Every structure is written in structure tokens, then in C-alpha cells.
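These notes concern the structure reproduced below.
Chains as they are written, first to last, in the working numbering: chain A, 2 to 553; chain B, 47 to 395.
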């Protein structure tokens, strides 16, 4: 046998991804770094029509690990994309703007660092979820209330705050109730914002800015730094609470209703955020869209009459007892008399518009819950049970108990999977993308926004599903839902086209989105070039190589 | 016995009428079909329409199908007196039944497409594949049987009603296929709006009975139902003169105390049919081995996957010695690291 020299081995220099992987494993341990195909494919799934695939996923547990990760990725010329819980549903989820980023999943950083009961704040890490903080407050008998959103108990508070999410209570404008951000920057330095910048400052957790300009806003909806800690202000448990539910039968009166609610907020009668849902939005929360009406025609009371769906829509809405508009808000006071006076003022103002109001106090809720538990399971009581349960969903949110209520509607067109989408719409194949224009809280604008939404949605074959939210005393937002079936490629394309058409139509009429996915941000950028150019210059100063959230 | 002249004339006339009807557009024939569809309050008295959920109800349905098919000469009598297939015990198969006086007097099954495929794949593989390619939920209607004692009492119409409610509000089924005797094709086409898949075949499993493949596309069917049926006078369930049904109302909205479907999940998530309990399926398969003995390995695997408690009973049989030795050798080769394609070419000395 002829002896042959062995072939020279390939050069041992690892590919950059392998080198990066090794570096990250060194930082967090191999258990918390993955480039497993299934995990990456899972991270690439999105409720919006298009997702992106990361190159690696790393799960740090401390700020120092985050710093080391940023430095390691920067050294390789890569980019990181931080996600707190990855549940930015309907707004690009956990997906970076581009493929190939290192996804920094901060969910292991889930420490509640401090809760101060007298000054009413909590210092939390990004992995702290709504459910975890609420449970902590309950377990330690802290008389503070966390504002909750409809994203569910597993959603990160920090992630939602940094995306300027909106809750349900008096502190529902969440971005306005945080401070002392601890941010890891692209060069690996750690920045503390506001009063916290002055090491040992006494007012660190109670005010968002000290002398000089405030930087907090730079790290919301930007991803220009990785926020590893922040302070969230909590609301003391009110002495007396009642819950307001309102129903409006006239579909075209949303403008007048919003204006009336604005007046009530401006005069301090309503203390917090008010949400008003239209009938199709709520219908999506209680059932899936009937297949028998699947021919590209939207379900609606009016426009689809000639297509034969008018009667069907009427029947469905009647079956679930849904009026044209349904709203909820909380009423609080230091005494029963104060709450009663506010209730009278609300009824007086809204009854003029034909709004039916129901106000239930905490004690009624407690009694009702006992009665509900005692009811036999006869069909006779089904309507009562359904109405009560729906009301309780609202009560829980208004009380600051996180709920997945807003997500129920995401499954409206997802009918091909048996998986439950109650806590994660991605699992059930649900497709949802939201367009959320800001508007002044006046009747004319609300009517116009509602009409734009209706026209564009119907033109693209989607139902008119919208929620109006009075975020502050003066400003409202309309959250327009585009629900689609992710398993249906044609419907996905239609949803993407509808999203763009809606954003464009709103921008053309002066309604700028308050939030959006990557696509909406690109469109907003084109509408305000001077502003975005200035932002680009700031960004280059902070992160010239685009190490964090490149492309965002 | 010789047929009287009058009866012969009637039979010939019926045949001629049927032949003529099959060539006429559905819209012309529909009124005649609808004339015969009636439902009075008394038709439903004492009957409950539901999904089979207990072993007794399921067996009642299997027995009814067996008796009906053997009576029609479609099937040889089975020693168990039941007609059971692996599809019948899959978790997504819904068995609709009509119960009267504690007995199953009508049944119809809806078999969802899955890893096992559909029963129709055997005879109409191209047609089912064509429908399957559209995507979405596909199911086959099968195992329809009515007890002779309730024939003509609208039992079958109510079973279809139950089925429509199930697919519309619980399963979100998008396509339904069915193989029917060509004699009844026209009913499905004219009344229930099925389309022909233009395929006829002999059903070898049913003594080569002729069968025709039909398809119902449920997407956007509502306007067709409304257009055709919404204007018909409806009088359910108290129609004194047995008015023709308003079928869109009948299938879509009308509440019937006699129909018992599970409550819809809170947020409209798809509902699965009542599940077999582990002990139920185990007992059923153990006592009805006859129906599960000749299954191929893949079907057995899928059944085990659907019902893990059957793992022992539906285990793969021991492999023949030669096959076993080959498998052992292959495993040895894998362990030694020698690529199998080299084994034959390597010198043995």
C-alpha cells in the first residue's frame, strides 16, 4: 500500500459567527447562547406580515454581562437587538429591523430591585413582567397599584414603557411615569439618566430630570441603548373605586363621545386613560371570523349589505350583545361621596349623547363575583355569565391586573391552528398589525380618523376594528387593528398593503402615529425629514457604528 | 313478483324525470327539491342532536352505520356488529348523532384531514389532493346512517344542521368533501350547494358501489345561502303546514333546544370534539381488536401518537429474522463509522 501524506487540515481560524458565539458563551455560559435553527426560526416569527431572523440569541442575567456582550459584538462588527420580553405584538414583535442581528433577550434580568411604598415607586429590571410586579405587590401587601396594559401578565413592563405603551389607569400614559434609566451604550459605557446621573442624588427615583436637558426620550422607541434598569412610579390604592362602562348605539357619534370624555378628564372627573372600542373590535375578541363569509368582503352592518353579509353581521353583533361603541374607565375618590358626585357628573354629561352608563363599585364587584360562583351551570344563566365575565375583564384591567384582553381580537382571522392564542398570538397563527395615529381629543378629528380607518380597511377587505383611547386630557390615539391569517400568503400581502395605505392616509391628513413597527417608522421618517435627520446626527454621536438596533 | 303496469309506468317516469333533472340547471330544479323539505315541531319531539361523547354513544353510531350499510349490501357483516375505521377514533373526528329514547337513530361523521389523510384518498386521490392544495381546514363527511324508524322525520336534515354549526362556529372548516352514490348527487348539489369534482369510481371497500366525489367550498358561501333561501317562508319549529324551510336561517342562526353542542370557547378558539378517555379507548380497542388487526405500521404509529395509552396494544409486530439481522448489521456499520456505500467495495483481505 502506498503511503500518502495526510491532507492538510483546514485553517483553524473560526468563522466570525463561531468566534462570536464562543465569546458570548464565555460571557453568559453556553446554556444561554443559541444559534439552534429551531430557536432562531421561532424568534423570527412575527404577528406582523414580515419577520427577520437573528444570527444568535443570547440571554444575559446582569448589566455587566450586557456590557460585555455589546463590546464583543461591536468587536466583530455585528449588531445587537435588545428585547425585554419579545412581546411587542402587532408592532414587529421581537424582530430586529434586519436579519442577522444578535438578539439580546433580557428576560433573565427579572429582579425587582426596590419597592418604596411611601414614595410609591418600584425599581425594576427589563425582564420584570406585569404579572410578576403585580404578584410582588400583592404578596408583600404593598398598597400600591401598577398600571396594566392589555399585553398580558407575561409582557415586560420595561419593554412596554420604552415603546410608550398605554395602560388603563391614572398612570396609563406609561412613558410619563418613569425615570432613572440605566442604559448600556454602544461603546460599553453605562449611562444613568435624569437625577440618577448625579451619583447618590436623593431624588433619583422620584423625578425624571434634573438640571439640564433630559435624555430619557432618546431611549424610547429607539433602541439606541440597552436599558437595564428603570424606576416606574406606582399609584397608591385609591380609597374608593368604581368602574364605569359605557355603551353607545349610534356608530357615527364617536366624535361627540370622545369630546365629552375629554371634558370629563379636563375637569378631573375621570382620572385616567379611557378606552372606547367599536363593535367589530369587540366581536373579534369573542369569536373567530366565520369562514362562510370569506370572500374578501369585510363584515359590516352597512357597506356589505348587498354582498349578503349585512344580516349576518347584525346577527353576530346581536348574539354577543355588542353596541356600536363600548368604553371603560375608572372613577376614584377619597370618599364615597366624592365617587358618587363624579358618577352623577358623568351620567349627566353622557346621557345627553344617548350613552348608557353602568357604574359598579368595588363592593358590587365582590358580591357579583360570589353570586357568579354560586350560579348553577344552567343555560338559562349563560347571558348573565357572559355579560358579567366580560365586565370583569374590564374591571381587572382597570384595577391594574394585567390581562390578555387586547390580544383576544388578534385571533379574529386565525382559524387554522388549534393552539390557543390567549397568551401568545404567535402560537395560534394570528396575524395582527396595528396603526395608531395621534389626534387631538375633539369630535371632528375623531370622526375623520374613524372614517379614514373604515374606508381604507374596507377597501382592503378587512373589518373596521378600532379603539379610541383618551391618553391624556387633550390627546387621544386611535388604534386601528388589521387582523389577518398568517397561514394565508395572499391575506398577509393584503394586510401589509392595508397597513401602508392606512399610515399614508393618516399622515396625509396630519395624524402621525404614536407608535409603530419598523415599516411605520420608515414611513414616518419620510414625512419629517428634518426631524429625522437631526435624530440621525444624535444617533451617530451615540452609536456611530450602529452596534445597537442597527436600522431602527 | 311482477310489477303492475301502473307501478312500472311510475318507475319509468321517475327515472326519466331524474335523467331530465340531472341535465337541468340547479336553479330550475331547486324548487322541486325544497318542496319536499319540511320540518314540523313534532318531527323533533324527543330527539336530541349532539356529538357522540361516551363509549355507548360512539358504539351506537358505529352499529347504526354497520346495520345500515350491510342492509344496503355495501358491507359484509362484521363479527362485532360495528363499522369502525382508524379515522373514527382520531381526536379531530366528530361523530354527530341523533338520540331518541336512549338509542342512536341517526349518525354522520366529519373526519378532518391530518397525517392519516382522508378515507376518500383511497378512491379519489387526485380530487382530494386538488382540494387540499387550496390550503385551510379540509374534512370529509362520512358514515351517514339513519334508522328506518325515523326516516322521513327530518333527522338527516338536523344532522346536517348540527354539522354546519360545528364547522362554522367551532372548527372553521373551509372545505368539505364527500363521496356519495350518484343517485343522491343532485340533492347535495342543489340543496346543500356542493360542487361536483367530476369524478366517479367504484368504492372497492363497499362492494364496488358507484360513488361520485363532491366538494363544498365553505369560504364565502353565506351570500349564496342568503340569496337562495332567505326569502323562503320559514316556519320552524311550529310550521303548521310544513312550510319549506328557510335554510339559511335554519343552518345559520335559529336556536334549537334539541341541538346540544359544547359551549363555544370564550374567545372563539377552535373546539375539538369530545375526547376519548384513556380507559375508554383502551377498552374499545381491546374488545374490538377485529377492527385494528390488519393496520399498516404507519397507521398504527399515528394511532399510538393520538392515543399514547394504545402503545402496548398497537405495538409493531416483531420483524422477521432476515430483516432483523439486516437492521442489526446496519446499526453496527453506523457504530463503526464505515460509510455503508463503501462496505461492498472494500477488499475483504
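C-beta atoms are modelled at their ideal positions from N, C-alpha and C, and glycine is treated no differently. All values reported here derive from a predicted model rather than from experimental measurement.
In the DSSP assignment, residue 273 (chain B) falls within the unbroken alpha helix (DSSP H) covering 268-275. For residue 366 (chain A), the uninterrupted alpha helix (DSSP H) segment begins and ends at 363-375. Neighbours of residue 272 (chain B) across chain A, judged by C-beta separation under 9 Å: 309, 310, 312 and 313. Residue 249 (chain A) sits close to residue 356 (chain A), with the two beta carbons spaced by under 9 Å. Look at the beta carbons and you see the segment 125-132 of chain B not touching the segment 256-265 of chain B: under three pairs across the two are nearer than 8 Å. Residue contact with chain B for residue 155 (chain A): absent (no Cβ-Cβ distance below 9 Å to any residue of chain B). Neighbours of residue 488 (chain A) in chain B, taken as residues at a C-beta separation under 9 Å, are given in chain order as 181 and 182. Across the structure, residue 433 (chain A) and residue 479 (chain A) are spaced so that their CA atoms are roughly 15 Å apart.
Here residue 515 (chain A) has 437, 439 and 478 as same chain residues with Cβ atoms under 6 Å from its own Cβ, once five neighbours each way along the sequence are excluded. In the structure shown, the three-state DSSP call for residue 136 (chain B) is coil.
Pairwise C-beta distances place the segment 316-329 of chain B in contact with the segment 96-107 of chain B, as three or more of them are shorter than 8 Å.
In this structure, residue 149 (chain A) sits near residue 401 (chain A), with a CB-CB distance shorter than 9 Å. Residue 89 (chain A) sits in coil when the DSSP states are folded into three classes, being neither helix nor strand.
Listed along chain A are 316, each with a C-beta nearer than 7 Å to that of residue 299 (chain B).
For the segment 209-242 of chain B, the residues whose beta carbon sits under 8 Å from a beta carbon of chain A are, in order, 213, 214, 215, 218, 219 and 220. Counting the other CB atoms within 10 Å of its CB gives residue 342 (chain B) a total below 16, which places it among the exposed residues. Residue 131 (chain A) sits close to residue 152 (chain A), with the two beta carbons spaced by under 9 Å.
A Cβ-Cβ contact shorter than 9 Å links residue 266 (chain B) with residue 293 (chain A).
For residue 68 (chain A), the three-state secondary structure derived from DSSP is helix. Around the beta carbon of residue 174 (chain B), 16 or more other beta carbons lie within 10 angstroms, which makes this residue buried. Nearest C-alpha to residue 257 (chain A) among A:445, A:35 and A:140: A:445.
Comparing alpha-carbon positions, the option among A:142, A:145 and A:108 lying closest to residue 129 (chain A) turns out to be A:108. Against chain B, a Cβ distance below 9 Å from residue 417 (chain A) picks out 181, 182, 183, 218, 220 and 316.
Of all residues in the segment 252-268 of chain B, only 264, 265, 266, 267 and 268 come within less than 7 Å of chain A when Cβ atoms are compared, listed by chain position. Here the segment 271-286 of chain A makes contact with the segment 160-173 of chain A; the two share three or more CB pairs at distances below 8 Å. Using a 10 angstroms sphere on the CB of residue 69 (chain B), the tally of other CB atoms stays under 16, which defines it as exposed. Annotation: residue 430 (chain A) has no Cβ neighbours in chain B at a cutoff of 9 Å; minimum Cβ distance is about 11 Å. Residue 289 (chain A) reaches chain B at 218 and 314, counting residues in chain order whose Cβ is nearer than 7 Å.
By the criterion of a C-beta distance shorter than 8 Å, residue 448 (chain A) is surrounded in its chain by 253, 255 and 256, once the five residues flanking it on both sides are discounted. Boundaries for residue 216 (chain A): no beta strand (DSSP E) harbours it, and the DSSP string shows neither H nor E there. Contact between residue 65 (chain A) and residue 84 (chain A) is ruled out by a C-beta separation of about 19 Å, above the 8 Å threshold. Taken through DSSP and simplified to helix, strand or coil, residue 176 (chain B) comes out as helix. The straight-line gap separating the alpha-carbon atoms of residue 82 (chain B) and residue 75 (chain B) is approximately 12 Å.
Look at the segment 381-397 of chain A: the residues with a C-beta under 8 Å from a C-beta of chain B are 383 and 390. From the beta-carbon of residue 295 (chain A), the residues of chain B found nearer than 7 Å are 265 and 266. The shortest C-alpha to C-alpha distance from residue 264 (chain B) to any of B:88, B:238 and B:121 is the one to B:238.
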